[in-house]
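Numbering (this note's numbering), first residue to last: 4 to 70. Quick reminder that beta carbons are idealized off the backbone N, C-alpha and C, glycines included. I have placed the structure first, in the form of structure tokens, so that the comments after it can refer back to it.
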């Protein structure tokens with residue numbers, strides 16, 4: 004597992020529509036992950052966008068630059 008190989012802690016989760024019109028999508032919360040690494044992971048796993056936040060700030064929805 005990529006995260007375990009780098010000794011990164013993570014917390015699994017899932018997110019879905021409040022209306023329940025699509026199944027929950029698995030997600031991970033990865034504390035202390037640099038933005039550049041988050042962008043790399045998003046591209047590597049084909050994510051169109053991801054949430055990123057830091058302590059004492061609002062989370063941001065960032066669009067991935069897919070190749």
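Own chain, CB closer than 8 Å to residue i, minus 5 neighbours either side, in chain order
| i | result |
| --- | --- |
| residue 57 | none |
Top-ranked residue by Cα proximity to residue i, from the options
| i | options | result |
| --- | --- | --- |
| residue 3 | 38, 5 and 15 | Shown here, the chain extends from 4 to 70; a query on residue 3 therefore has no answer. |
| residue 26 | 33, 18 and 32 | 18 |
| residue 63 | 41, 48 and 29 | 41 |
Cα-Cα separation, residue i to residue j
| i | j | result |
| --- | --- | --- |
| residue 12 | residue 36 | 9 Å |
| residue 22 | residue 28 | 14 Å |
| residue 44 | residue 30 | 12 Å |
| residue 60 | residue 4 | 29 Å |
| residue 34 | residue 7 | 13 Å |
Beta-carbon contacts of residue i that lie in its chain and below 7 Å, excluding the five residues immediately before and after
| i | result |
| --- | --- |
| residue 65 | 52, 53 and 55 |
is_contact[residue i, chain B] using C-beta, thresh 7 Å
| i | result |
| --- | --- |
| residue 26 | In summary, chain B is missing from the structure at hand, where a single protein chain is found. |
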